[in-house]
Structure formats: structure tokens, C-alpha cells
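Structure first, then comments.
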Amino acid sequence: MVYQAPTIPTTIVTSATERFQAKAVRLAQRCYGLHLWTIFGIALSNIFLGLTGVATALGSPALRVPWRRMRQVMIPLGMYAFLIVVSVLTSYDSQLSLPKGRELLSLGTLFLGLILIRGESEVRRIVDGIIVLAALLSLFGLGQMLFGFGDINNRIRGPFSHYMTFAGVLLMADLLLVAQMFYGKTRAGALRWAALILINLALVMGLTRSAWVALILALTILLVVRAPKLLAAYIPATLLFLVLAPVPVIHRVQSIPDLTDISNYDRLCMAEAALHMIRERPLFGLGPGMVAERYPIYRHPTAPRQEVPHLHNAFLQTAAEEGLLALACYLWIMAATLLLAYRGFRHDESTGGQASDLYLGVFLALLAFNFAGLFEDNWGDTEVQRIALFIVAIPYCLMNGEKDSPEPSPELSEELGS
1082 MVYQAPTIPT
1092 TIVTSATERF
1102 QAKAVRLAQR
1112 CYGLHLWTIF
1122 GIALSNIFLG
1132 LTGVATALGS
1142 PALRVPWRRM
1152 RQVMIPLGMY
1162 AFLIVVSVLT
1172 SYDSQLSLPK
1182 GRELLSLGTL
1192 FLGLILIRGE
1202 SEVRRIVDGI
1212 IVLAALLSLF
1222 GLGQMLFGFG
1232 DINNRIRGPF
1242 SHYMTFAGVL
1252 LMADLLLVAQ
1262 MFYGKTRAGA
1272 LRWAALILIN
1282 LALVMGLTRS
1292 AWVALILALT
1302 ILLVVRAPKL
1312 LAAYIPATLL
1322 FLVLAPVPVI
1332 HRVQSIPDLT
1342 DISNYDRLCM
1352 AEAALHMIRE
1362 RPLFGLGPGM
1372 VAERYPIYRH
1382 PTAPRQEVPH
1392 LHNAFLQTAA
1402 EEGLLALACY
1412 LWIMAATLLL
1422 AYRGFRHDES
1432 TGGQASDLYL
1442 GVFLALLAFN
1452 FAGLFEDNWG
1462 DTEVQRIALF
1472 IVAIPYCLMN
1482 GEKDSPEPSP
1492 ELSEELGS
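Numbers given in this note's numbering equal positions in the sequence shown, counted from 1, plus 1081.
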């Protein structure tokens, strides 16, 4: 008699495989949130982003991604990534530009968010984590004022290496929270009010003017939508601010429209240099990282600084380094998301939907992010960019959580509790 090894039924193998894939997806979702909540340590954030990618690849057979629903953002995202590669290859110095191509890694925040995060509950989990993080960062930054930080030459910056990064993260988190306070379906508790006070106090004391102006613009739009009569409160609020605000803050406010301010004039000089760069190589740009290297060639003779790390304008920086085609893709992504967020907000507001605050938060945060980008290269700031990319993903994540989205396999549904 010939011995035959017992065979394992195919159904058991299939079930075990599908459960493994479902667990991998669950792990990917958790790591995705962690990579956003650890941006204060970019190396740690990169580790979690890498784990997210690996876990997503392992669980990909269990995912049913509604690609057609996301084509309005996936198409420009793919084109933008391709143009970064082309820009590196056609750069004045490809070897120097190659390390700057790491922006492709950060774009994974948007790509992975689109395919992993589905539905209101998952989105809220990550948004609430970002708000908690911003409150803790604010507390950290305000605490720095006890150790000599706080003046214009030594601004508070939290755990980040630069105060602009600090302000950029707080700005978007602040507007996500403000939208919850105005349109959230649950009552704003003491913790949310505490977070709101901490974040805005840190924004004010951070002395970053671009964040101030962007925040005021976004809040004005919110009042126009929600309570137009409250716009009249700007007058007494302004008077109260002038009376109570510290002198350094008042001086920074006064310098905003002053073209003789050295920082403002320097930005004008950088804008002129950027136009010369774009005119020279309009399609694919000078190459990632080339602005800092070649700025002295294009610098205006009266510019205060001989060298600059970037052009202090996200749009000009993108066009100068990666070309006008890349800038067009960026604008496509932002415009499509703002339109979808606005439509989602109006739909949920009229039908009593539960996600109106999320849609409004996306609209306000991205509007402020792009307005601040007129005065700072926030798109080139990895920590800020990752938060912005997740916010771009939110309307699509909410849309993919609707009932008419393709359903995951039964095993995945069981594992995710959907």
C-alpha cells in the first residue's frame, strides 16, 4: 500500500489566506495613521509609511479599489509623479536632483490614503489624531517660550527644525477643528475648546504672517457660509487685538503690507528670479533642488540675500524646479479636491449628512494651505505636505465609504468590522 499524505481542503487554504490579507489591510490602516501622527520625527514617519506600503501590498488581493471613482485625482497624481522623474532626468545636475526626488515617497500618503481609508469613521479617527497631535505640538511650542524662544529671531517651532513647518501643520489642523466646532454633529466639549485655544495661541505667538493671513481668509469664508452677520464682529475684535496683543505680534501685523520690509522685498526679488528660471526651462524646470544651487545666477542685484534655500512661494518653486506641466498637475489635484469637498459639503448640509464638517474642513484647510503657499514653499515641506496630502484624500475616502462602493470580500468585512 502506498502512503498518501492527507490533503488540506482548498476552502480552508483560501479562508486562511483571505484572513491573512484582511489582517494585513488592517495593519496598513493603522500604520497609515501612525505615519501622520509621527511627522514630528520624519524618520519615524517614513518607517510607518514604508510599513503601510508593505502591508498594503500583502493585503492587496483583499482590497477592491474603486479606481474609476478616483480618476479625477489619480490621473493628475500619476502625471505629477511622472513629471518629477522627467525633471530629475533632465535636470542641470541629475545626481544632485536625485535625492530631491524623494518627494515621490511622500506622494504615497495620498495614494495609500485613497485605497486604504474608507468611510467616515476611519477618516474621523485620523483627523482626530491630527488635532490631538496639533494640540500637543502647540503645548510644546508654547512651553519653549519659557526657555528663551518667542522673539522674531528665535521663534517657537515645537519639535520641528523650522517655525514654518510648525505653523503649516497647526494651520491645517486648526481649520479641521474649527469646521468640527461649527458643523460637527456632536457638541464641542471642553477638550476641543482647549485644543482650539492652544493651537490658535501657538499660531499667534509663532509670528508666521502667512499662516495668519491664510487663517483669517479661511475664517472669513466660513463666516460668509455659516453666519454672515458675524463679519461685523471683525471691527471690535480688531480693536481688542490691538489693545491686548504683545508688541512683537503688533509689529509683525504692521509689516504685512509693508513692501519696504526686508523680508517682503526679498520675496519680490525671488519672484522675479523665479520668472527668469521658468522662462529658461518652462516644461520640466531646472530640476529638483536646482533653485538653491542656481539662484545666484538669476538673483536681482538688490536682493537682500545672496543665496536662498527656496523661493518662498510653492507655485513658483514647483514651476521653477519641475516645470509648468508639474504645476498644472498640482493645480488640477487641488482644484478637483476643492470642488468635490464643496459639493460634498453642500450635499450633506442639505440632506442632513454626518460628514459636512469633514468636507468643510477639507475645503478650508486646502484653501488656507494654498494661500499660505503664495508666501512660503509649504508644498516642499515634507511634514506639512503629508498632512495636506491626507486632507486631499479625505473627500475621496468619504465617497468610497458610501453604500454603492464595491464591497470588500466577506472575510475582509469581518476583519475590519464593516
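Note that the Cβ used here is the ideal one computed from N, Cα and C, for glycine as well.
- Gly1442 counts as buried, since at least 16 other C-beta atoms from the protein chains shown sit within 10 angstroms of its C-beta.
- When the alpha-carbon of Val1166 is set against those of Ile1359, Ile1196, Leu1320 and Gly1404, the nearest one is in Gly1404.
- The alpha-carbon separation between Arg1206 and Ala1292 amounts to approximately 25 Å.
- Judged by DSSP in its simplified three-state form, Asp1438 adopts helix.
- One alpha carbon belongs to Asn1451, the other to Val1294, and they sit about 12 Å apart.
- Three or more pairs of CB atoms, one per stretch, sit closer than 8 Å, so the region 1136-1155 contacts the region 1190-1200.
- Relative to the Cα of Ala1436, the nearest Cα in the group Ala1373, Gln1398, Tyr1477 and Ala1449 belongs to Tyr1477.
- Look at the region 1323-1360 and you find no whole run of beta strand (DSSP E) that is 3 residues long or longer.
- DSSP lists Asn1235 as the beta-bridge partner residues of Asp1232.
- The DSSP-derived three-state label of Leu1367 is coil.
- The straight-line gap separating the alpha-carbon atoms of Ala1355 and Ala1384 is approximately 13 Å.
- Asp1255 carries a helical assignment under DSSP once its states are collapsed to helix, strand and coil.
- A distance below 8 Å separates the beta carbons of Val1250 and Val1465.
- In this structure, DSSP gives Gly1200 a state outside helix and strand, which the three-state scheme calls coil.
- Annotation: Ala1474 to Pro1382 spans about 43 Å, alpha carbon to alpha carbon.
- Counting along the chain, Trp1413 sits inside the alpha helix (DSSP H) bounded by residues Leu1405 to Thr1432.
- Short of 7 Å from the beta carbon of Leu1412, and not among the five residues preceding or following it, lies no beta carbon of its own chain.
- A straight-line Cα-Cα distance of about 13 Å links Ala1416 and Leu1158.
- Of Leu1421, Leu1193, Arg1360 and Leu1406, the smallest CA-CA separation from Val1146 is found for Leu1193.
- The beta carbon of Arg1111 is closer than 7 Å to none in its chain, skipping five residues each way along the sequence.
- Phe1456 counts as buried, since no fewer than 16 other beta carbons sit within 10 angstroms of its beta carbon.
- Counting C-beta pairs with one atom in each stretch, the region 1179-1194 and the region 1219-1228 have fewer than three that are closer than 8 Å, which means they do not touch.
- DSSP places Gly1122 in no alpha helix (DSSP H); its state is neither H nor E.
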